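Undergrad:
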Amino acid sequence: MQNRRNFLKLGAGAALGGLTASFPAAAASSCGKEIKWDETHDVVIIGSGFAGLSAAHNAKKQDLGSVLVLEKMQVIGGNSAINGGWFAIPRNPIQLAQGINDDSPEELVKDQMISGRGMASRPHLMRIAEHALESFEQCVANGVTFREGFNMQVGGHNKARAVRTTYGTGGEITQNYYETCVKQGVDFRKQAYVEDFIMDGTTIVGVKVRFNYQFPNAKSGQVKFIKANKGVVIATGGFAQNMTLRNLFDPSIDPTYDCTNAKGATGEVTMTAMSHGALSVHMNMIQSGHWGSPDEGGFGWSNALLSITWHEGMVVSVLDGKRFMDERRDRKYCSERISANRYPDNSPAYPIAFFNYNDHPDDDRVTRAVRDKMAWIMNSVEEMAERFNIDPKALQENIDLHNKHVAERHDPLFGRKMDTARNLEAPFVVSRIWPKVHYCMGGLKTDTEGRVLASKDLGVMKNLYAIGEATGGTHGETRLSSCACLEGLAMGIVVSKTIKADA
């Protein structure tokens, strides 16, 4: 008798069609209407990045029945496909082969709690970390390959625990998971925009979808109603490309910042869930990646190139030729210090980052960056100083000071860990840097098993789940590098078990 009580609520989801969204003046309204279902599936997953693909794959492994994945854009993968392919895994086989035997999920979470600056959720982070190795092994089973012998200590981590895909892209993970899901019988629909949820009281029973949707036109496509027998999983990522939401939640975001996200990261489904009573947290916590380059748009190659600089090279201000930060700290710290470099008119004074070319002449991170002109090979300190209008004497003095600290294995200026720092000498690989808006720490509040909580009573909203960047309150003020892939894949495993238990 479920259809008798179904109501279609027209809330924020209907109003937030795209980047030029407007917000409803009043709370969500409802109109009595019998829903004629066009299709029925056991599990409906919204989003096809790491989280959505893992949830789909593991839903099939848990024998949850028919699984439908809805992706509003024309391609599978979302932000995950353009991710840099970094994956934090305590006690991964490469780490163990390197002789690092004292890592653990607890050690990873300890680093994440520090990065979260008192605002992170230890229970949520532990739930994710406990599934790190299983997520890695599942990647390998699905055909994902990782760089041989590559395991690195990245910003904010106290140990080397980050592996990386062979070609340095998250697309290697999303493509392999997609192919596996297709073999399992998962149904994928692209250009499918979820306009609203169908609720029976506080229980979600289905979704209203526009098929053949043309981004960002919220009125395009043909409407269908999809019934979900066992649950709807929100795996839509963040909203960093939605300028309306960004400015609403954090008007302090620097207008000089570009954004690394795919164009579809606009957050409509999160807002739709909120209009139906889902609790949101930390929506103003929007992270910037300190590894951006003003010489390329979007995610680009700078993330990969600077993974060398942070360890081996140095960053200096073009204003005085001096270092101004610990290059190996987390994103929030580094972004704030980089963006403090300003000319008197407050325009960006893009700092430069560099390392030894002869240490990496054939590295694809170098060849790609130089090819695409977001980095340059410079044969002397004088050439570098002239190119970026820096006092050559000051620049040389600070390189000499860096080399002294390398020899001493101690950085008295900023406390940088110097174990991987190199003595710098020309020729150099040089790039300019500037932060880019990258990740939303805020989103829907869930329990540790992925169930969405209601704002009215903090209870569970039946059959509604959220995982990955669409959730909030997990990472606190900033997320550590290499943990997005981990969270999405791990919570896909967790939520599939949750749905099975609930069903």
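Using mature numbering (1 follows the signal peptide of the UniProt record, and there is no 0), the letters of the sequence shown map in sequence onto residues -27 to -1, 1 to 476. Virtual Cβ for every residue (Gly too), placed ideally from N, Cα, C. Remember, predicted model here, so these are calculated numbers, not experimental data.
(1) DSSP state of Ala348, grouped into three classes?
(2) So for Asn371, helix, strand or coil by DSSP?
(3) Hey, Asn65 and Gly143 are a contact pair by Cβ (cut 8 Å); roughly how many whole angstroms apart?
(4) Give the DSSP bridge partners of Arg424, in chain order.
(5) Roughly how many whole angstroms lie between the Cα atoms of Glu121 and Lys470?
(6) Start and end of the alpha helix (DSSP H) containing Glu151?
(7) Decide if Tyr316 is buried, meaning its Cβ has at least 16 other Cβ atoms within 10 Å, or exposed.
(8) Measure the Cβ-Cβ separation of Phe188 and Lys197 and say whether it is below 8 Å.
(9) When you compare only the Cα positions, how much space is there between Met256 and Pro224?
(10) Restricting to Cα atoms, I'd like to know which of Met125, Trp10, Ile19 is closest to Glu285.
(11) Tell me whether Asn31 sits in a helix, a strand or coil according to DSSP, three-state version.
(12) Spatial neighbours of Gly5 within its chain, please: C-beta separation below 6 Å, excluding the five flanking residues on both sides.
(13) Near Asn149, which residues of its chain fall below 8 Å by C-beta distance, leaving aside the five closest residues on each side in sequence?
(14) Considering only the beta carbon of each residue, do Met434 and Thr209 sit closer than 8 Å?
(15) Counting only the same chain and skipping the five closest in sequence on each side, list residues whose C-beta sits under 7 Å from that of Asp293.
(16) Report the option in Gly265, Met298, Gln47 whose CA atom is closest to the CA atom of Leu386.
(17) From this set, Asp303, Val136, Gly415, Gly271, which residue's C-alpha is nearest Met347's C-alpha?
(18) Is Phe23 near Gly441, with beta carbons less than 8 Å apart?
(19) Which first and last residues belong to the alpha helix (DSSP H) in which Arg405 is found?
(20) Classify Gly204 as helix, strand or coil using the three-state DSSP reduction.
(21) For Pro321, does the three-state DSSP call read helix, strand or coil?
(22) Got a sec, what are the start and stop residues for the beta strand (DSSP E) Tyr412 sits in?
(23) Smallest Cα separation from Asp392: which of Asp384, Gly423, Glu398?
(24) Between Arg452, Val180, Val242, which has its C-alpha nearest Ser261's C-alpha?
(25) Could you check what DSSP says for Ile172 in three-state terms: helix, strand or coil?
(26) With a Cβ-Cβ cutoff of 8 Å, do Leu43 and Val17 count as a contact?
(27) Within the same chain, show all residues whose beta-carbon is closer than 8 Å to that of Pro96, passing over the 5 residues directly before and after it, in chain order.
(28) Would DSSP call Ile199 helix, strand or coil?
(29) Check for me: the alpha helix (DSSP H) holding His284 runs from which residue to which?
(30) Does the distance from the CB of Tyr151 to the CB of Ile67 come in under 8 Å?
(31) Determine, using beta-carbon pairs with one atom in the stretch 401 to 417 and one in the stretch 323 to 339, whether at least three such pairs fall under 8 Å.
(32) Would DSSP call Ile466 helix, strand or coil?
(33) Let me know the secondary structure DSSP gives Val167 once reduced to three states.
(34) Checking the sheet assignment: what are the DSSP bridge partners for Asp231?
(35) Excluding the 5 residues flanking Val425 on each side, which residues of the same chain have their C-beta closer than 8 Å to its C-beta?
TA: Considering the structure as presented:
(1) coil
(2) Asn371 falls in the helix class under three-state DSSP.
(3) Their Cβ separation, rounded to whole angstroms, is 17 Å, which puts Asn65 and Gly143 out of contact at 8 Å.
(4) Tyr438
(5) CA-to-CA, the gap between Glu121 and Lys470 works out to about 32 Å.
(6) The question names Glu, but residue 151 is Tyr in the sequence shown. Run containing Tyr151: 144 to 157, per the alpha helix (DSSP H) assignment.
(7) exposed
(8) 8 Å or more divides the Cβ of Phe188 from the Cβ of Lys197.
(9) 12 Å
(10) Met125
(11) helix
(12) Low local confidence applies: a pLDDT of 33 at Gly5 is under 50, so the model's placement there is unreliable, and no value is given.
(13) Cys112, Asn115, Gly116, Val117
(14) no
(15) Ala367
(16) Minimum Cα distance to Leu386 is reached at Met298.
(17) Gly271
(18) yes
(19) That residue, Arg405, is in no alpha helix (DSSP H); its beta strand (DSSP E) goes 401 to 405.
(20) strand
(21) In the structure shown, Pro321 sits in a strand (DSSP, three-state: E or B).
(22) 409 to 413
(23) Looking at the Cα atoms, Asp384 is the closest of the given residues.
(24) Arg452
(25) Reading off the sequence shown, one finds Met at residue 172, where the question assumed Ile. Strand.
(26) Using a Cβ distance threshold of 8 Å, Leu43 and Val17 count as a contacting pair.
(27) Thr421
(28) Strand.
(29) 275 to 285
(30) No, Cβ-Cβ distance for Tyr151 and Ile67 is not below 8 Å.
(31) yes
(32) Here Ile466 sits in helix by DSSP.
(33) strand
(34) Lys409
(35) Exclusion of the five residues before and after Val425 leaves Ile207, Ala246, Ala251, Leu252, Leu417, Lys418, Thr419, Val433, Met434, Leu437, Tyr438, Ala439 as the residues of its chain whose Cβ lies within less than 8 Å of its Cβ.
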